[in-house]
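*Asks:*
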Amino acid sequence: MFFSEKGDDDVYKVLVGAAVVAGCVASGASAATVGFENIAGGDTVGDSLAGQFSLNIETFSLTQVLVEVISAVNTGANYFIGGIYVDDSADVLGGEETSFSAAESSPGNLFEYDLKNFPQGNSIGFTETASYIRQTGGGICTANACGIQPGEYAGFLFDGSLDDVLAALGDGSLAFGLHVQSIGDGGSDSYVTPSQVPVPAAGVLLLAALGAFGLFRSRRV
Ligand SMILES: [Ca+2]
Numbered sequence: 001m002f003f004s005e006k007g008d009d010d011v012y013k014v015l016v017g018a019a020v021v022a023g024c025v026a027s028g029a030s031a032a033t034v035g036f037e038n039i040a041g042g043d044t045v046g047d048s049l050a051g052q053f054s055l056n057i058e059t060f061s062l063t064q065v066l067v068e069v070i071s072a073v074n075t076g077a078n079y080f081i082g083g084i085y086v087d088d089s090a091d092v093l094g095g096e097e098t099s100f101s102a103a104e105s106s107p108g109n110l111f112e113y114d115l116k117n118f119p120q121g122n123s124i125g126f127t128e129t130a131s132y133i134r135q136t137g138g139g140i141c142t143a144n145a146c147g148i149q150p151g152e153y154a155g156f157l158f159d160g161s162l163d164d165v166l167a168a169l170g171d172g173s174l175a176f177g178l179h180v181q182s183i184g185d186g187g188s189d190s191y192v193t194p195s196q197v198p199v200p201a202a203g204v205l206l207l208a209a210l211g212a213f214g215l216f217r218s219r220r221v
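In the working numbering, the protein residues as written are 1 to 221.
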């Protein structure tokens, strides 16, 4: 048996696992996480919070991509994401006006399409093509609770593909912005996805996995 010796099985499983993961990335049935960064030259009250926010982007169906806006757990903090802004200059997203999905969001979060100016957006040349504003009622939440509190997320289903979305984020022709309110003593601040998002190349991962496997095999000879 090729992998009969004790210990070899574990190594083999790890390598096969890596290859399977890489294969999923290559087929498009995967997900990516994108962080946010501070916008210089404006509000500074929330600069240290930039690392709390992220997007999880994944294939939802053959025609839809799910973008989850996530606020990491931060015990005792009262801030909330009240506005989510999109600059889709690449036009890789469709169905923006109906993309908020309560089913793909933390219970009680409620956003509505409403095209507004992104606070601090002017300083980075942000062109709003869609935006979503926290609502103040609707029978499922009240006031600030309708926004995304720490430990919560909100999901948006766009027409489009994961590959196109990641490519556009990668070259800066697609960007997301967040406006966070109630920071500390009622302050607010804005964040944006990096202008150049490093997207892991599926082919590189696959080659790395296969390369590791080949290395292992060569040592067995
Ligand atoms: Ca700031």
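Yeah, the Cβ is synthetic: ideal placement off N, Cα and C, and Gly gets one too. Here the structure is a predicted model, which is why all the values come from computation and not from measurement.
In angstroms, rounded to a whole number, what distance separates the CA positions of Ile280 and Ser48?
*Replies:* Look at the range of the chain in this structure, 1 to 221, and you will see that residue 280 is not part of it.
*Asks:* Please state whether DSSP places Thr142 in a helix, a strand or coil.
*Replies:* Correct three-state label for Thr142: coil.
*Asks:* Should Ser195 be labelled buried (16 or more other beta-carbon atoms within 10 Å of its own) or exposed?
*Replies:* Exposed, because fewer than 16 other Cβ atoms sit within 10 Å of the Cβ of Ser195.
*Asks:* Just checking Asn38 against ligand 1 - is the residue's beta carbon closer than 6 Å to any of the ligand's heavy atoms?
*Replies:* Yes, Cβ of Asn38 sits closer than 6 Å to a heavy atom of ligand 1.
*Asks:* Going by DSSP, which residues form a beta bridge with Ile81?
*Replies:* Paired residue(s): Ile148, Val180.
*Asks:* Less than 7 Å between the C-beta atoms of Leu162 and Val65, yes or no?
*Replies:* Yes, these two residues count as a Cβ contact at 7 Å.
*Asks:* Are there any heavy atoms of ligand 1 lying less than 6 Å away from the beta-carbon of Thr44, as far as the coordinates show?
*Replies:* At least one heavy atom of ligand 1 is nearer than 6 Å to the Cβ of Thr44, so yes.
*Asks:* Reducing DSSP to helix, strand and coil, say where Gly95 ends up.
*Replies:* In this structure, Gly95 counts as coil in the three-state DSSP scheme.
*Asks:* Rounded to the nearest angstrom, how far is the Cβ of Tyr85 from that of Tyr113, given a contact under 8 Å?
*Replies:* Actually they are not in contact, since the Cβ atoms of Tyr85 and Tyr113 sit about 11 Å apart, beyond 8 Å.
*Asks:* Thinking C-alpha only, which one of Thr75, Asn56, Phe126 is nearest Gly155?
*Replies:* For Gly155, the nearest C-alpha among the options comes from Asn56.
*Asks:* Can you tell me whether DSSP reads Leu222 as helix, strand or coil?
*Replies:* Not covered by the structure: residue 222. The range shown for the chain is 1 to 221.
*Asks:* Which residue from Asp164, Gly186, Thr129, Leu115 puts its Cα closest to that of Asn144?
*Replies:* The option with the nearest alpha carbon to Asn144 is Gly186.
*Asks:* When we look at the beta-carbon of Thr63 and count the other beta-carbons within 10 Å, is it buried (16 or more) or exposed?
*Replies:* With fewer than 16 other Cβ atoms within 10 Å, it is exposed.
*Asks:* Once the 5 residues before and after Gly172 are set aside, which same chain residues still bring their CB inside 7 Å of it?
*Replies:* The residues are Ser195, Gln196.
*Asks:* Taking the straight line between their C-alpha atoms, what separation do you get for Ala90 and Gly137?
*Replies:* Going by the C-alpha atoms only, they are around 33 Å apart.
*Asks:* Who are the near neighbours of Gly95 in its chain, counting only those whose CB is closer than 7 Å to its CB and skipping five residues on each side?
*Replies:* Excluding residues within five positions, the ones whose Cβ falls inside 7 Å are Phe158, Asp159.
*Asks:* With 16 other CB atoms within 10 Å as the buried threshold, where does Gly46 fall?
*Replies:* That one is buried.
*Asks:* CB Glu152 to CB Ser106, shorter than 7 Å?
*Replies:* Their beta carbons are under 7 Å apart, which means Glu152 touches Ser106 by this criterion.
*Asks:* List the DSSP bridge partners of Leu66.
*Replies:* Answer by DSSP bridge pairing, in chain order: Glu58, Leu157.
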